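Residue numbers (this note's numbering): 40 to 217.
Idealized CB from N, CA, C, for every residue including glycine.
Source: prediction; values computed, not measured.
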Amino acid sequence: MELRINQQRSYAAQPSAEDDHPPKDPDGWFNHAIACYTTGAYAGAVAAFTTYLVWVPNDAEGHYWRGLAYQRNGQHWQAVLAFDHCLRLDPEYYAAYHQRGLAYASDGQLERAISNFSKSLALQPDHAASYLERGTAYLHLGQQAQGRVDLAWAAGSEDGAVAAAAQQRLAALAQMEC
């Protein structure tokens, strides 16, 4: 999963003893939300990001992370709305386009997914995960040629996990043709 993280923030990877008390400021809420997210407490992360965004409503990164938490919690439409808000604030946030594409794909809206993966690639042309997911969506729509092109690009990427997934999908496609 591609994550864009503000380098000026420090994230608490694990909840601390202070997490028994509500945070007192926006950074505290953000760090609490990250701690919830990293420990798999996605509903708690959504709630904490929502509180954070009351304090800092124009933070694209906060909306992005809330979208990720919604997505992990299986709330794809809420994720789409969070990514929409993120992209209104920062139209060049390529990872938000990618994640919104995943949310659309999870809901079976493959044309919209492809559009979002394409927007991600327009902003970040070497984003291998977007090639992988766009190629997969093309295949599901029966657009074999374009799907193969994207999967081949992803299979040759330096991202080992993405390359392996693309190679597996290409191998499965080749077996289906035999």
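Length of the line joining the Cα atoms of H124 and I73: Looking at the two C-alpha atoms, the distance is approximately 19 Å.
V85 to R105 span [Cα, whole Å]: 6 Å
P61 Cβ short of 7 Å to the ligand ATP heavy atom set: Ligands in the displayed structure: none, and consequently the ligand ATP is not present.
Between the CA atoms of A200 and W94 - distance to the nearest angstrom: Pairing W94 with A200, the inter-Cα distance amounts to about 37 Å.
Beta carbon of S145 nearer than 8 Å to that of H115: yes
Residue of L128, A121, D129 and E131 minimising C-alpha distance to R139: Each of L128, A121, D129 and E131 was checked against the Cα of R139, and the nearest Cα belongs to A121.
Through-space distance from Y76 to A202, alpha-carbon basis: 26 Å
Own chain residues within Cβ distance below 7 Å of Y177, not counting five before or after: I153, Q185, G186 and D189
Simplified DSSP state of T77, which is helix, strand or coil: helix
Sequence-distant residues of the same chain with beta carbon closer than 6 Å to S157, five excluded per side: Listed in chain order, the non-local C-beta contacts of S157 below 6 Å within the same chain number zero, local neighbours out to five positions each way being set aside.
Cα-Cα separation, G174 to A193: 9 Å
For D98 and L128, the rounded distance between their alpha carbons: 7 Å
Assigned exposure category for Q110 - 16 Cβ within 10 Å defines buried: buried
Rounded C-alpha distance that separates F88 from F69: 6 Å
Limits of the alpha helix (DSSP H) - the one that N155 falls within: L149 to L162 is the span of the alpha helix (DSSP H), which, as asked, contains N155.
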